[in-house]
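K.L.:
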Amino acid sequence: MSEQEKGPGGMSRRDFLKLLGAAGTSVAFAPFVSWGKFMPNPSSVTLAKVPVILPDGTQANLNTFPVNHAEVITYPETADEVLNEEAFRKWQFIRLPEKFGGERKDVSSFRAYSMVCLHLWCLWKYWPDEGRMRGECPCHGSMYDVKTGTAFIGPASVQAPPSNTLAQLNFEADSDGFMFISPPTWGVNDNGVVGYGRFA
Numbered sequence: 001m002s003e004q005e006k007g008p009g010g011m012s013r014r015d016f017l018k019l020l021g022a023a024g025t026s027v028a029f030a031p032f033v034s035w036g037k038f039m040p041n042p043s044s045v046t047l048a049k050v051p052v053i054l055p056d057g058t059q060a061n062l063n064t065f066p067v068n069h070a071e072v073i074t075y076p077e078t079a080d081e082v083l084n085e086e087a088f089r090k091w092q093f094i095r096l097p098e099k100f101g102g103e104r105k106d107v108s109s110f111r112a113y114s115m116v117c118l119h120l121w122c123l124w125k126y127w128p129d130e131g132r133m134r135g136e137c138p139c140h141g142s143m144y145d146v147k148t149g150t151a152f153i154g155p156a157s158v159q160a161p162p163s164n165t166l167a168q169l170n171f172e173a174d175s176d177g178f179m180f181i182s183p184p185t186w187g188v189n190d191n192g193v194v195g196y197g198r199f200a
C-alpha cells in the first residue's frame, strides 16, 4: 500500500504525521502565548462597598441570619450571569457557632472565606454539625478552622504559609444590621489571594 492510499481508518500515514507535527508544534509554542490578555483582570476593577446578597436575593442582616449557618455568596458580582458562576467568585458566608461567638450582634460573628480549596482548587463546604463545625474539602480531605480559615488537617494543612489559610472578606453593618462587604485588598498580607491564600 502506498503512503498516499487511505488505510481502513480513513487517514493516510502522511496526513497523520502532518497532523502529529502540527499538534506538537502548537504544544511547543503554547507557553509563549500571553494568555493573560484573554482573561478578565480583577485588578482593573474598582471595588466598592457592596451589600451581602444571599442566594434568595435578600441582603444579609446580622439580626436575622441564623447562628452556625452558612450560605454561598458571589463576590465580586457582575452583570454577566455566566461569569458569576465562576468558582473564584464563590465564598462561604458563615455565621459562627455560638461557642465561637456567633451569638454576638456584630460583624465579628461572621466570616466569608473563598470556597476554592488551597490544595488543588476543589470547592469546600462548611459543615455546621456538632463535632464538625469546620470547612471540609470533599476531594482530598483538607479541613479548615471556621474562626481563622486556616487548614488544620489534610494536604492544605502541610503547605507553607500563606498557602494554608483561605482568602477572606471583611464586613461592615449599618444601624439596621444590614451587612456590606468592605472593599478588599487582594494580597497575601491583607485579604489574601483566591486559590493561593493569605498570612493569618
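Numbers 1 to 200, taken from the UniProt record's numbering, label the letters of the sequence shown in order.
Glycine is no exception: its CB is placed at the ideal position from the N, C-alpha and C atoms.
Please read all numbers here as calculations on a predicted model, not as lab measurements.
Would you report the Cα separation of E81 and T58, rounded to the nearest angstrom?
P.N.:
Cα to Cα, the separation comes out at about 17 Å.
K.L.:
When the Cα atoms are used, what is the spatial distance from residue 224 to S34?
P.N.:
Nothing about residue 224 can be read from this structure; the chain reaches only from 1 to 200.
K.L.:
Identify the continuous alpha helix (DSSP H) that holds R111 and give its terminal residues.
P.N.:
Segment F110 to S114 is the beta strand (DSSP E) holding R111; no alpha helix (DSSP H) there.
K.L.:
What residue does the beta strand (DSSP E) around K125 start on, and which one ends it?
P.N.:
K125 to W127 is the extent of the beta strand (DSSP E) around K125.
K.L.:
Tell me the rounded alpha-carbon separation between E71 and Q92.
P.N.:
For E71 and Q92, the distance between alpha carbons rounds to 6 Å.
K.L.:
May I have the straight-line CA-CA distance separating R132 from Y144, to the nearest angstrom?
P.N.:
Each residue's Cα considered, the two are about 10 Å apart.
K.L.:
Which of the three DSSP states, helix, strand or coil, is assigned to V146?
P.N.:
Reduced to three states, the DSSP call for V146 is coil.
K.L.:
I'd like to confirm the pairing. Which residues does DSSP put opposite P51 in its beta bridges?
P.N.:
F180, per the DSSP bridge assignment.
K.L.:
So, helix, strand or coil for E136, using DSSP?
P.N.:
Three-state result, E136: strand.
K.L.:
Can you tell me which of the three DSSP states V193 falls into?
P.N.:
Note: V193 maps to strand in three-state DSSP.
K.L.:
Provide the residue span of the beta strand (DSSP E) that contains R95, from first to last.
P.N.:
Start and end: K90 to R95.
K.L.:
Quick one: what's got a C-beta closer than 6 Å to A173's C-beta in the same chain, skipping five residues either side?
P.N.:
The answer, listed in chain order, is L62, V107 and M179.
K.L.:
On the three-state DSSP scale, how would you describe N61?
P.N.:
The answer is strand: DSSP assigns N61 an E or B state.
K.L.:
Could you check where the alpha helix (DSSP H) with V82 kicks off and where it finishes?
P.N.:
It spans E81 to N84 - the alpha helix (DSSP H) in which V82 sits, taken as one unbroken run.
K.L.:
Rounded to whole angstroms, what is the Cα-Cα separation between S175 and A60?
P.N.:
Roughly 13 Å separates the two Cα atoms.
K.L.:
What's the gap between the Cα of E136 and the Cα of E130?
P.N.:
For E136 and E130, the distance between alpha carbons rounds to 14 Å.
K.L.:
Terminal residues of the continuous beta strand (DSSP E) containing V72?
P.N.:
V72 -> beta strand (DSSP E) spans H69 to T74.
K.L.:
Near H140, what residues of its chain come up, given a Cβ to Cβ distance below 7 Å and the 5 sequence neighbours on each side ignored?
P.N.:
For H140, where only same-chain residues beyond five positions count, the Cβ hits under 7 Å are H119, L120, G154 and P155.
K.L.:
For S142, which residues of its own chain have a beta-carbon under 8 Å away from its beta-carbon, when the five flanking residues on both sides are left out?
P.N.:
Around S142: C117, L118, H119, W124, E136, A151, I153, G154, P155, A156 and S157.
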